[in-house]
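Enquirer: Residue numbers (the numbering used here), protein chains in the order written: chain R, 18 to 298; chain H, 359 to 680.
For glycine and all other residues, C-beta sits at the position ideal for the given N, C-alpha and C.
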Amino acid sequence: MTALDLVKIANRMRQEVLKMVHLAQAGHVAGPMSAADLLAVLYFGGVTKFDPNNPEWEERDRVVLSAGHYAPLLYAFLAEAGFFAKDRLISFGTLRDFLGVHPEKKVGEPGLPGVEISSGPLGQGVSVAAGMALALKLKYGERPQEETPKVFCILSDGEMQEGQVWEAFQFAVRRQLDNLIYILDRNRVQIERYVSEVAQMNHIAGALEALGLEVYEADGHDIAQIEQVLSRAKRTRGGPSIVILRTVAGKGVKFMESDPKWHDRVPSDEELARAILELEG
Amino acid sequence: MDNGKYLLPDWRTPEKVPIRNGFGEGLLKIGEDERVVVLTADLAESCRVKPFEEKWPERFFEVGVAEQNMAGVGAGMALTGLVPFIASYAVFSPGRNYEQIRMSIAFTKANVKILSSHAGLATGKNGPSHQALEDVAQMRALPGMVVLTPADANQCAAAVEAAYRYRGPVYIRSTRPATPRYIKPEKFEIGKAYIYKEGSDLTIVSYGIQVWEALRAAEILEKEGMSLEVINASTIKPLDEATILGSVKKTGRLLSFEDHQTRGGLGGAVAEMLGEKLPTKMKILGVNDSWGGSGDYEELYEKFGLTSGGLVNQVRKFMLDL
């Protein structure tokens, strides 16, 4: 697929997110919109190994959504990638199916294929991803690094205010989990404000490097840059990496961009129509 | 009165071994399985998981003073086919990492076994910050969480084995000091409450260190013509309602007895059940909406009545009230 193909998929998935949230009258918008290009690369850019017909394939790469409120984006991509039928998306945010506003993974229950963890409470997935990576290393660690199943964990910048995240980073570094790739969706907004109003993020790359992570940065809306940086992260040896993607909250729809109020605001009928129009163009 | 079915013949003059030793003993029994991994938050020695570390160092993980991460990492390992045991003190786990246990483990039904030591006032001089008095309340409130409270080191080791065989999250509460080892080392049945002494006048339900104290109290009161039935509720969740109901139908009265807050622990569980099914004259004994203190555990136990002597006094008062 070309970069243009991936951008088109991303924009279609943005539309799906808005439709799902609008139909359910619940869910989150800004984050899913900023991470759509990332997921296009992850699921369609040949970066991750998976089989939609065998979601529990032991040697698959795991895509872990720690920023659980990005759920509608994840669901849209999983459906698009063939994990389940697209008509299930209309049950987002209802009790009818397993498409909760935040992802639900329950061992032993059918659930939604492709959803790797329960998330929602920020910071938790970061640890769970580290646990998965460690278990995979124990099992497959003797293989060449390229063949060890990888864990890609998506987190948000607001999420990094939770202390658990820093516990997990240190653990991952100490355990040299080089099959673990964190991806920070740095969209600069959180529920009620800009991240910069509450957090110390100006030198975040330096802070993460000081902690021992291998840090990569890229424009989170430039497909080629995302592909390149993920490729480098995958080849990193000796410890976990973190890819900082500079993104725009609500990307793709001008009236939503960079505005904290769109964190979890449900678009009106009119706003939805305008947004779809813009994304189709 | 000696119930030879469950108790060792010398139960009145027992060897003294910390209940938490059962963690180490149990893990050594099941540790051969390569899926078993053990994590601890800087408490390998005191949670008795060091023996596992020494035998299988490649499957032992010191996570440092980071209990929230420990719970999440355990969940991630469980989701990847391993059987993780995570060990810390009960105040920190489930205290500090309650939300992680709630979502990443309980809600997700991740096959993580939570081993927590140093529960209750029994922790002693480290004081209230280290004395978990709410952990049973916290854990039994979680859907799908199995809550085990072994009464001696043998039962604790058996609980570890039972937890290993069970598919799903399990919490095991243990304590610090050397206390009687007096229960036959037999298979632990999750969901079963054991009647260690039959009686007709009053039902005592208890768990942990207090069970042996209750048996001693029962012997003292037997001489006064009072016949106590003593039950070890070694599984708080799922509670063995049938055994407790059967006992209360016989005796008509119940006292619960635990090193835990009086609200929310075993007493709470039993009161909830009886309140709905068979309203019964009962009293809940424990730490009554209070904190412990930085003192010897024997001193604390005396102060809070968590000894056989304390129970005897409470029983006499309770029976007079009728």
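#1: For Ser-605(H), count the other beta carbons within 10 Å of its own beta carbon; 16 or more makes it buried, fewer makes it exposed. Which is it?
#2: May I ask you to list the residues that DSSP assigns as paired with Met-497(H)?
#3: Could you say if the stretch 117 to 131 of chain R and the stretch 400 to 419 of chain H meet the contact criterion of at least three C-beta pairs nearer than 8 angstroms?
#4: Along the chain, which unbroken stretches of the beta strand (DSSP E) at least 3 residues long are found entirely within the stretch 528 to 570 of chain H?
#5: In this structure, does DSSP put Phe-615(H) in helix, strand or coil?
#6: Give me the Cβ distance between Val-383(H) and Ala-511(H), rounded to the nearest whole Å; I'm assuming they're in contact under 8 angstroms.
#7: Cβ closer than 8 angstroms: which chain R residues qualify as neighbours of Ala-468(H)?
#8: Does the beta carbon of Gln-217(R) come closer than 9 angstroms to any beta carbon on chain H?
#9: I'd like the span of the alpha helix (DSSP H) that includes Lys-608(H), first residue to last.
#10: Taking the CB atoms as reference points, tell me whether Ser-614(H) and Val-588(H) lie closer together than 9 angstroms.
#11: Confirm, please, whether the CB-CB distance from Gly-237(R) to Leu-262(R) is below 9 angstroms.
#12: Going by the CB atoms, is the gap between Ala-57(R) and Ile-293(R) shorter than 9 angstroms?
#13: I'd like the ranges of any beta strand (DSSP E) spanning at least 3 consecutive residues and lying wholly in the stretch 405 to 473 of chain H.
#14: Cα-Cα, which of Glu-392(H), Gly-362(H), Arg-674(H) is closest to Glu-582(H)?
#15: Let me confirm a value: Val-395(H) is counted as buried when at least 16 other C-beta atoms fall within 10 Å, else exposed. Which label applies?
#16: Using CA atoms only, rank isn't needed, just tell me which of His-39(R), Phe-186(R), Leu-23(R), Glu-295(R) is closest to Ser-108(R).
#17: Over what stretch of residues does the beta strand (DSSP E) that includes Ala-98(R) continue unbroken?
#18: Which residues in the same chain as Asp-68(R) place their Cβ atom closer than 6 angstroms to its Cβ, once the five residues preceding and following it in sequence are excluded?
#19: Using the DSSP secondary-structure output, state which residues sit across from Phe-169(R) in a beta bridge.
#20: Who pairs with Leu-365(H) in a beta bridge, going by DSSP?
#21: Any beta carbon of chain A sitting closer than 9 angstroms to that of Glu-412(H)?
#22: Note down, in chain order, every chain R residue with its Cβ under 8 angstroms from the Cβ of Val-431(H).
#23: Is Tyr-157(R) helix, strand or coil by DSSP?
#24: By how many angstroms is the C-alpha of Gly-526(H) removed from the C-alpha of Pro-89(R)?
#25: If you run the structure through DSSP and keep just helix, strand and coil, what is Lys-641(H)?
#26: Grab the span of the alpha helix (DSSP H) containing Ala-511(H) for me, first residue to last.
#27: Return yes when the Cβ of Asp-174(R) is within less than 9 angstroms of the Cβ of Met-300(R), no when it is not.
#28: Note down, in chain order, every chain H residue with its Cβ under 9 angstroms from the Cβ of Gln-141(R).
Expert: On the basis of the supplied data:
#1: buried
#2: Bridge partners of Met-497(H): none, in fact.
#3: no
#4: 528 to 531, 536 to 539, 552 to 555, 560 to 564
#5: strand
#6: Note that residue 383(H) is Glu in the sequence shown here, rather than Val. Glu-383(H) to Ala-511(H), Cβ: 7 angstroms. Contact.
#7: Val-124
#8: no
#9: 599 to 609
#10: no
#11: yes
#12: no
#13: 418 to 420, 441 to 447
#14: Arg-674(H)
#15: buried
#16: His-39(R)
#17: Taken as a continuous stretch (DSSP letters only), Ala-98(R) belongs to no beta strand (DSSP E), as it is neither H nor E.
#18: Trp-74
#19: Val-80(R), Ile-198(R)
#20: Ile-541(H)
#21: In the structure shown, chain A does not exist; the protein chains are R and H.
#22: Ser-144, Val-145, Ala-147, Gly-148, Leu-151, Ala-185, Phe-188
#23: helix
#24: 28 angstroms
#25: strand
#26: 511 to 523
#27: The structure shown does not extend to residue 300(R), since chain R is modelled only from 18 to 298, so the question has no answer here.
#28: Gln-426, Ala-429, Gly-430, Ala-433, Glu-457, Gln-458, Met-461, Ser-462
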